[in-house]
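What follows is one structure encoded as structure tokens, with my remarks underneath.
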Amino acid sequence: MERSDKSTNKKTTTAPSKPKGQRKNSAEAEEDEKKQTLRTSTDVYHRVKWDEALDKTEWRMGYLDRFRGMLEIPLLEFIPGGDVPWHRVYYFKKGREVMWDRNTRVDKIFGSGDSSAAEADDVKGKGKGKKGGETKGKKGGQEKGASAAPSTAVPEKVRTANKPAVWTPLPVYRWSATTQSWQESSQSIANKTDGVERVTIVTLNVLFDTYLSEKIHTAKRIPVILHHLKNTKADLIVQCNLGLEEVTLIFLESLLSEPWVRENYYVSDYRGDTVVPYGQVLLSRFPIQKLIQHQYTPHKRVIVAQLELNKRTVYVPVVHLTSDRQESCSTKRAHQLNVVFDRTCPAIGDDADYGMDCFLFGDFNFGDDDNDGAVRKDFVDCWPAVRPDELGYTFDPHRNALAAITTSSGRSNRIDRIFVRSPGCWRPSAVDLICTEPLQSSSAGEGQLLFPSDHFGLKAVIEFTAPLGAVAKRLTADGEEEAEEEEPVYVELTREERIALRPQLRTMHSTAVVVVPPRKLWPALQNIRKDHDKSFTRWMPHIVLLWGFIEEDHFANAAEIFKDALASFSPFTLSLKQFKFFEHSRNFTVWLDPEAEDNALKRLQAELEKEFPFCCEQSGKDYGGYSPHLTVGQFVTKKEVLSHIESWGREWEPMEWKVGRVFLISRKDEEPFQIKYAIKFGGGDDAVTFVGHQPGAAEAESRTGSSSSGSGSAAADHLEPPSTPPADSALYRYLVANKSYDLDQQRKQRQAAVRLVSQACKEVIEKNYNGQVNCEVLHLLGSCQMGVQTADSDVDALCVGPDTMSCSRFFMELRVALEKTKKLQSAREVHDAKVPVLKLQINGVEVDLLYGPYPSSVPITPPSQIDDRSLRKFEPAVLRSISGCRDGDAILRSVPNVSHFQTVLRAVKLWAKRRGLYSNAVGFLGGFSWSVLVAYVCKNSKLYAKSAAAASGDGDLSIEERLLAEFFEVYNHWDWQQPVAITPGSARYKPGHKSDKMPIVTPTPPFNNSARNVARSTLTEMQQEFFRAFDITQASQWNSEAGLNDLLQPTNFFKDYHYYLMVEVHSLSSDEVTKWPTNFSLSLGWLESRLIALIFDLEKNPQTYARPFPGTFVNLHEVIEKEEKDKGKGKGKQQLQAKQTRETLELRSNFPFLGTCFVGLQKLPGGEFTKAEEAEAPPMPELNGPTVDFKSLFDSWRDKPNGNIVTVTPIKRAKIARMVPASFMPGKLN
């Protein structure tokens, strides 16, 4: 609703008042009321929006922005109910003339306010059809209603809204012989068709009967039209596409009841969604990968299908453009076609992934004489291309009696057309008219014969001119796909063989051939691009030579081809001095002009294109040929463009470099482009270099925190809950009930702490770094990075900075910076760990912070953007920290659906913790390894290959529950001699070290086993648990509450073993009491990290089974004492002491601070054990050697706190209850 336009009813100018006491008569009062009422901005908007006599593209709206003042936008871009409320709309303009103004009370639309009805006639009369607001007014434009002088020679070009067209998906239908009904068909990239020699396209306007129904006899015409359409198949084509316009529900029902349609075609509609009151229907023999529509108006739309033919993407738009009966029809048609072109074949500078091949057909509603150039010149019109000397009228009132009835001008025209755009691959070979004969023995009355439609149909045969042959073979030794970073094996081919192979290759926009400036020149370019280039996160600074290019699988062969082609090409100097811009239909692209002597860059591009002539998009989409450019930004208005060019031009320092090689680059999915091959000019044995993995320009700022604001929002915002919550499944509800999700208050506290730390880190780094820090320096790790933090999760983070500042110095300066905020509760440095850690507590939130110093030769960027070749420059400890962040990003990029992955990972982590399997330190798996295992299942699940409906759930199971069941199935059957890897590079990892009992490989270089601590016993334990979980999830109702309770039941660790080891660390009280938290924590950390050494030592005896219990228990004796008192036994501490040995009591009196770990020895078969079987228990393993060595290891620890000791006590199963609280004992011991 409009809130404040009521204010316009108040008169803003004063008028002479009546003498006091004299009242106005009713006529005067009524006249004053009329003058005081100004129609609202809502009324004006809807009048202009829906009045077909008005050209909406000429209208603009002025609104008040709260921060930037008065701004203008095209009327077509305004969204009612959006960001701009009605009360901030202040004026409407048609061209340069103000048509409605809130402040001056001008209204030339309705004649309200201080305007007259005569002025409003200008909209319908004098202003009708004019361009740019060409209306008369008084000189100077200062008087009411005045406007600028009329513009001259306004070009007839479309003026569209800046907002991109909205495209919505449509379902595709196929007749099911099983169900005897039309069913929704899967739209998938797997829908490919090879070996297509020709395509026959038929387009026909079938003439709907909303009007003149008594004259056009639709009931008689429908069977004849269907007969003609069926016959277009016979003896002419192998495959066929039919496009129909002005299809009504009645015709659609008749069409879809035809057996030949049901047997052979996919259809775009069967319910009538797109034909009310009329519309287009597309029939295709080929499987449709994707079907979308854009609605120009409620009754006018374009439908675009995406096909895959002969390994090439083909877009098939079916149009029905505005007729000549509409006002500004040429402008509207141009706009409608531009929407299609922007979607299927963008102009220079647009980086969207759209293909080259396009079959455009339908009713265009313009003839050869009135075609205003709306169709681009790179589209081939089939009729004049094949039959240039014939008229080919499809609407001919002189031959067609129905056309004579429906025509308003009596003119014959070729308004139905078929266009083809496909450089070097598809070309029209035949074209003809159909439905040109009247119906036999039928008339339209008054002696006129009845024709099938008022239009003649058009049929064209499009042939695939490139050689077909076999599918292009992979250019590797064994025919299998090579890993991403591994250099493919090049198969030697003769030049003739390579030339013969090229036409079989498919082009794509995920590969390109480019020139890349040296990295030392990047900062100046990136400073501009990061704020203005929409492709900053996808592309490095580059100059495109060929794009789209061939598949990455064929890069090895392409590199050799280019090596030969560039053998005689000499290096040249390239300079970037001047900013220029391209003007597109809805925006502008600003670029730097690469200048080279003797047109060297254009000659280079021509040389490369000559080797791959079908990769000609760069030279073919601009009429002047190839236009080299280095894009730096995009803008909406020309004013912005000129302003920025002037500003940048004043400060720009020209740069130049020697170009001596070109690069083959590619990307996967949404990842940035990466350099794969470099080809040097001049040939030679070293001309081709396999580069492998190289970074793109940037990762998405939302993930890497590349913001330069220093607010820390990137890392903190990563903690936000997902915009799309997980499906409301039984599993999700169980996870919420069991606190696997953090609460809103906890999340906000965690975010506030991260923002505080991030800001402090940025200040410290900038103070100690000579260069400019253009990215976020704080990066999350662990569960927060994965987005699976729980209520009790702490924050693991990494700060990157220069190596000129040591870790200790960074920690010290950061503590000082945080103390100034008055929110730091504690800070403790831990240098004994593999990587030094600063443990912080801020407002109750624990933060474990690592520091990653970058070598001086490596610019400070987010870890995921570090060049793989630069990794060797890092110190091993630092590389370990950096790799953790890189690996986390790689995991998130690898999964097809992050939300599904996160839900399954939460469930797996809860299961692992409940079953005592969650600890990398003691020989099981940590959070990272579990993340890789879950990511592998999500990435390779067949669920995502199914249709959306099938993948959303299976009966009572959600997709997350099905993925969880698949997780246990996969690893129950896994051969652990094979690595688990989620990237091609990590798949090359070769297990062989003694620590590779369970190889789970990190996804980024350097590739390592993340589960190196897994021991023989812990692997066996996890295999048994995988089998148990797999067995449970095979049940039909396993996702019920009872089933989930069974799956996630806590472990029976304290019942399952014959013997136990109680490993304890004791801390003194005496003089050390003031330091005990620090000393005790150090000893606890040592115990947790070194316990695996005891396990490995015990397993040297092949008969020993040693299973550690994750976690360290603090002051168990106090817990036991509290439990005894809570039972109300009265004796309390005395009864507790009776249960414990004198030696234990003495230790605990002298060392009141106690940390305990447990190790189970010799597992019971089946977990059951009775007193009668106790005598048959296996003997206690030999413990003297391993336990003595373990205590010696502690004593020799360099940083051992004074007075702290370690004890290792063996205990029989029957006595374990005396040493642990009853709450740790699930069930009653036998």
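In terms of the UniProt record's numbering, the sequence shown has 10 at position 10, counting the first letter as 1, and numbering is strictly consecutive. We put the beta carbon where it would ideally sit given N, CA and C, even for glycine. Note that this is a predicted model, so its numbers are computed, not measured.
Integer-rounded CB distance, given that residue j should sit under 8 angstroms from residue i
i, j, result
"S1083", "T1004", "No, S1083 and T1004 are not in contact; Cβ-Cβ is about 35 angstroms, not under 8 angstroms."
"W169", "I292", "One point to set straight first is that residue 169 is Pro, not Trp, in the sequence displayed. So it is a contact: roughly 5 angstroms between Cβ atoms."
"E961", "S729", "6 angstroms"
"residue 1239", "I288", "This structure cannot settle anything about residue 1239, because the visible part of the chain is limited to 1 through 1230."
"V1063", "V1159", "7 angstroms"
Distance, residue j Cα to residue i Cα
i, j, result
"R387", "V431", "8 angstroms"
"R1218", "L1161", "18 angstroms"
"S575", "P654", "7 angstroms"
"K49", "P259", "44 angstroms"
"T589", "T631", "7 angstroms"
"Y854", "P802", "5 angstroms"
"R1107", "K839", "30 angstroms"
"T331", "I109", "22 angstroms"
"K230", "F562", "49 angstroms"
"A697", "F536", "Confidence is the limiting factor: at A697 the pLDDT is only 34, short of 50, which leaves the residue's position unreliable and the question unanswerable from this model."
"R809", "E829", "11 angstroms"
"P876", "P859", "18 angstroms"
"residue 1231", "H455", "Since the displayed the chain opens at 1 and closes at 1230, residue 1231 lies outside it and no answer follows."
"V736", "E184", "35 angstroms"
Sequence-distant residues of its chain with Cβ nearer than 6 angstroms to residue i (five each side left out)
i, result
"W652", "none"
"T1051", "R915 and G916"
"R667", "S510 and F673"
"residue 1232", "Within the shown structure, residues of the chain are numbered from 1 to 1230, placing residue 1232 beyond reach of any answer."
"W648", "F579"
"K997", "V1014 and L1019"
"H629", "W591"
"F928", "S1010"
"S437", "The question names Ser, yet the displayed sequence has Glu at residue 437. There are no such residues."
"Q785", "G888"
For residue i: DSSP bridge partner residues
i, result
"W100", "F92 and D107"
"D593", "Q578"
"I842", "L824 and V845"
"M1219", "Note: M1219 sits in no beta bridge, so no partner."
"K658", "T573"
"K1212", "Y1059"
"W182", "W175"
"I679", "V662 and V688"
"F1113", "T1156"
"E829", "L838"
"Q789", "The partner list for Q789 (beta bridge, DSSP) is empty, contrary to what the question assumes."
Same chain, Cβ closer than 7 angstroms to residue i, neighbours up to 5 away in sequence not counted
i, result
"D381", "R417 and F419"
"R661", "A678, I679, K680 and F681"
"C425", "R312, D357, F464, T465, A466 and F614"
Neighbour-count burial assignment, residue i, 16 or more Cβ in a 10 Å radius
i, result
"E197", "exposed"
"I1216", "buried"
"M99", "buried"
"R886", "buried"
"S147", "Bear in mind that a pLDDT of 35 at S147, under 50, signals an unreliable position, so the number given afterwards is only what the model happens to contain. Buried is the call here."
"T1033", "buried"
"R333", "buried"
"K676", "buried"
"A567", "exposed"
"D553", "buried"
"K1212", "exposed"
"Q336", "buried"
Cβ shell of residue i (< 8 angstroms), same chain only, five flanking positions each side left out
i, result
"L879", "L871 and P1006"
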